[in-house]
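The numbering used here puts the sequence shown at residues 2 to 295. Here is the structure we will look at.
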Amino acid sequence: MRAASTIARDLGVELDLEEGEENLEEDAFRPTWGLKRCKVPQSSWSGAGIKVAVLDTGMDLGHPDFEGREFVTRSFVGEPVQDINGHGTHCIGTACGPQAPGENTQRYGIAYEAQVFVGKVLTNSGSSTGAGVLAGLNWAIANRCEVISMSLGSQSPVQAAYTHAGEAALRNGCLVIAAAGNSATNTGAPANSPTVMSVASLDPNLKPSSFSNHGKIEIAAPGRDILSSWPRPTRHKTISGTSMATPHVAGCAALWAESDSSLRGRKLWEQLVASARRLQFADSRVGAGLVQAP
């Protein structure tokens with residue numbers, strides 16, 4: 002299987018917000034706008050018993066919001082898993098962050114009891130090779146991670162290697178979810194593979210984000226102005242991108258997987274699509290619509 006060419010991280014559009022500006026005391030413990038739009042707060046599921054792999058820049062393993070949580074970790078880039086970049090920590094926070102982060106911080110995490118598999122496939126500078134990403138995918142599939150989240154990509158045509166990896170995932174009861182990209186153009190790899198679920202970004206008004214790629218899109222999720230965890234000492238940060246939308250889908254997928262043990266692989270894909278909130282935009286922009294929690 003031929004590896005894809007260099008994969009660049011999908012950082013999105015970073016906002017100039019100081020720490021605490023988004024976390025006003027009156028908003029303490031209230032869920033972020035993204036979680037509310039996805040109906041996460043009213044869900045009775047937590048992701049318990051579900052394995053969620055996030056393939057990214059790693060994780061701040063000592064982040065206080067994750068105290069007591071155990072991580073399964075592996076690096077595929079020759080660097081420690083500890084995240085210096087921030088992108089991976091932010092994505093893990095959205096997908097699997099705590100139910101009550103404390104310190105007057107809004108709830109930003111979805112599957113707060115899921116088991117997190119941290120695959121470092123992007124360096125601290127945000128670069129990687131297709132071979133490294135594929136190695137991370139194979140690791141997650143071998144560990145039978147029901148949900149595999151990848152907020153990364155490149156403006157490349159469909160890569161057979163990713164299509165085969167996505168197919169192997171579905172065959173083994175796993176679902177690969179990937180960011181569509183932030184270039185306001187056609188969806189890039191690996192999200193453009195038919196066996197990988199592609200995620201577009203939405204603004205708080207549920208309109209497609211101006212930067213969000215289009216074309217091959219399965220589903221959409223909140224991606225603009227997303228608060229989540231960030232490596233210390235910053236701890237929390239608000240940024241934008243399809244990278245931020247993708248872990249919303251991954252977190253909701255973990256809740257669905259917990260809610261029904263038959264929802265694995267292709268069936269989990271179909272459930273996410275069937276339960277999405279329909280939006281008045283073309284499928285090429287938002288797919289089935291806004292992801293919803295069970």
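Think of the CB as a built atom: it goes at the ideal place given N, C-alpha and C, for glycine as much as any other residue.
Indicate whether the contact test is met: 3 or more Cβ pairs, each with one atom in the segment 237-253 and one in the segment 197-209, closer than 8 Å. Touching, yes.
Determine the contact status of W46 and P205, defining contact as a CB-CB distance below 8 Å. Taking 8 Å as the cut-off, the beta carbon of W46 is found no closer than this to the beta carbon of P205.
Look at the alpha carbon of C97 and the alpha carbon of P158, and state the distance between them as a whole number of angstroms. C-alpha separation (whole angstroms): 31 Å.
Hey, out of E219, F118 and A180, whose CA is closest to A283's CA? A283 has its Cα closest to that of E219, out of E219, F118 and A180.
Quick check on N187: does DSSP put it in helix, strand or coil? Here N187 sits in strand by DSSP.
Using DSSP with H/G/I as helix, E/B as strand and the rest coil, what is R75? For R75, the secondary structure class from DSSP, reduced to helix, strand or coil, is strand.
Apply the 10 Å Cβ neighbour rule to Q43 and answer buried if 16 or more other Cβ atoms are within range, or exposed otherwise. Q43 comes out exposed.
Which first and last residues belong to the beta strand (DSSP E) in which Q107 is found? From DSSP, Q107 is part of no beta strand (DSSP E); its letter is neither H nor E.
Taking only the alpha-carbon atoms, compute the straight-line gap between D57 and A179 and give it to the nearest angstrom. Distance between the alpha carbons of D57 and A179 is about 11 Å.
C-alpha gap between E20 and K37, whole angstroms: Caution applies to E20, whose pLDDT of 32 falls short of 50 and renders its modelled position unreliable; the value that the coordinates give is listed next. For E20 and K37, the distance between alpha carbons rounds to 22 Å.
Please report the residue range of the beta strand (DSSP E) in which H237 lies. For H237, the enclosing beta strand (DSSP E) stretches over residues H237 to S241.
If you compare alpha carbons, which of R31, A289, S285 and P32 is closest to V274? Cα-wise, what sits closest to V274 is A289.
Residue of M245, P232, Q281 and S260 minimising C-alpha distance to N86: The shortest Cα separation from N86 among M245, P232, Q281 and S260 belongs to P232.
Distance, Cα to Cα, A258 vs A49? Distance between the alpha carbons of A258 and A49 is about 9 Å.
Would you mind sorting N105 into buried or exposed? The rule is 16 or more other CB atoms within 10 Å of its CB. Burial check for N105: the Cβ neighbour count within 10 Å stays below 16, so the residue is exposed.
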